[in-house]
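Written below as structure tokens is the structure these notes are about.
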Amino acid sequence: MSSPPSISVVIPAYNARAFIGEAIESVQAQDMANLQIIVVDDGSTDGTAEQVAGEHPGVELVRKENGGAATARNAGIARAEGELIAFLDADDLWLPGKLSAQRHHLETHPETGLVCTRFARWEQHEDGSYPPLDTLIADAKAIPETELDDDLSGWVYHKLLLDCHVWTSTVMLRRSALEHIGTFDETLRLGQDYDFWLRASRITPIHTLRRPMALYRQHPSSATVRGASVNYGAKILTRAVKQWGCSSPNGESVPVRQVRKRIAGIHFDLGYRRYGNADYRLAAKDFAASLRQSPWQPRTWLYWVISSLLIVAPRRSAPTRSHS
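Sequence positions in the sequence shown follow our numbering and run -16 to 307.
Here it is in structure tokens:
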């Protein structure tokens, strides 16, 4: 009988045929034996599942109806057998040594249940191609793989309120921690990972390794570029503050006004995007929500007034925007 896998890797995929092969290969290239690789096809229509089944027979393929990234990750977690679980989005890549560095860190730091790493953005050239990995790998190796980022490690809930420095494709966590954190919130179409890290930061210290060990692929069809009709970021932050306040379990905290200012900024940014798309009713709603969090914003007041007037004005092209 084969021994159980030491690490389970969960890869949710939706219409990722162009990228899924490279993602899987970056996992298989890790200096780790006995990995369980689970690809959850979330109702793709571009042949993603067929490509995985045909070209990567050693990968466990789970097919399900489309339900969003949270449902796909939860389906992968349900199949995971390893004591350690790592996540990788289907359009991203891992750099060499990621899994071994994180496993070593968890073995030598029993006080933490989750370790992530820094990451690098992988930008497209004008022709749509991506730069070779050699330079990126060389730059990453200039940083010792065991070096901890002290500013982003420890009880970091209060820091996560101001900036989500944890990125899904860099995370490894213990199964024992997952049992306390719970699964991803399937009611959140976006931001379910942010919600998960906030909940995790309430029950365990989170450590961040300084070396970038994953590449965040930038492309026009990603979910973060497409956006959403619901302001999930503001919803998640507001819910967290209502439940836990602005202090980490060890007592460290950030001022409430800073958190309110961040929530206000999230509302303004989405309102501005909606304003540019001539969706004045939703834009006015977000500008108003921004002002409730932080009322001393002359620019926000201006956009709220204009959006409110344009709701009832005759339909015309959107006025010229200025966003400094």
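Ideal Cβ positions, reconstructed from N, Cα and C, are used throughout, including at glycine.
Query: Out of curiosity, what's the CA-to-CA distance linking residue 101 and residue 273?; Result: 30 angstroms
Query: Provide the residue span of the beta strand (DSSP E) that contains residue 156, from first to last.; Result: 155 to 157
Query: Hey, residue 25 and residue 44: beta-carbon distance below 8 angstroms or not?; Result: no
Query: Count the other CB atoms, across all protein chains shown, that sit within 10 Å of the CB of residue 207; report buried if there are 16 or more and exposed otherwise.; Result: Summary for residue 207: the model assigns pLDDT 48, below 50, so the residue's position carries little reliability; its value from the coordinates is reported in the next sentence. Result: exposed.
Query: Taking the straight line between their C-alpha atoms, what separation do you get for residue 183 and residue 165?; Result: 9 angstroms
Query: Do the CB positions of residue -5 and residue 69 come within less than 8 angstroms of each other?; Result: no
Query: Would you tell me roughly how many angstroms separate the C-alpha atoms of residue 9 and residue 146, rounded to the nearest one?; Result: 28 angstroms
Query: What are the boundary residues of the beta strand (DSSP E) that residue 191 is part of?; Result: 189 to 200
Query: Taking the beta carbon of residue 77 as the centre, do at least 16 other beta carbons fall within 10 Å, making it buried, or is it exposed?; Result: buried
Query: Note down, in chain order, each residue of its chain lying with its Cβ closer than 6 angstroms to the Cβ of residue 247, except the 5 sequence neighbours on either side.; Result: 273, 276, 277
Query: Straight-line CA distance for residue 58 to residue 280?; Result: 43 angstroms
Query: Starting from the Cα of residue 177, find the closest Cα among 187, 198, 219 and give me that residue.; Result: 219
Query: So residue 193 packs on residue 96, CB below 8 angstroms; how close in whole Å?; Result: Incorrect: roughly 20 angstroms between the Cβ atoms, too far for contact.
Query: In chain order, which continuous runs of the alpha helix (DSSP H) of length 4 or greater are located wholly inside the segment 36 to 92?; Result: 52 to 62, 81 to 91
Query: Does the Cβ-Cβ distance between residue 232 and residue 94 come in under 8 angstroms?; Result: no
Query: Could you tell me the distance, in whole angstroms, from the CA atom of residue 36 to the CA atom of residue 47?; Result: 14 angstroms
Query: DSSP three-state label for residue 126, please.; Result: coil
Query: Start and end of the alpha helix (DSSP H) containing residue 241?; Result: 239 to 259
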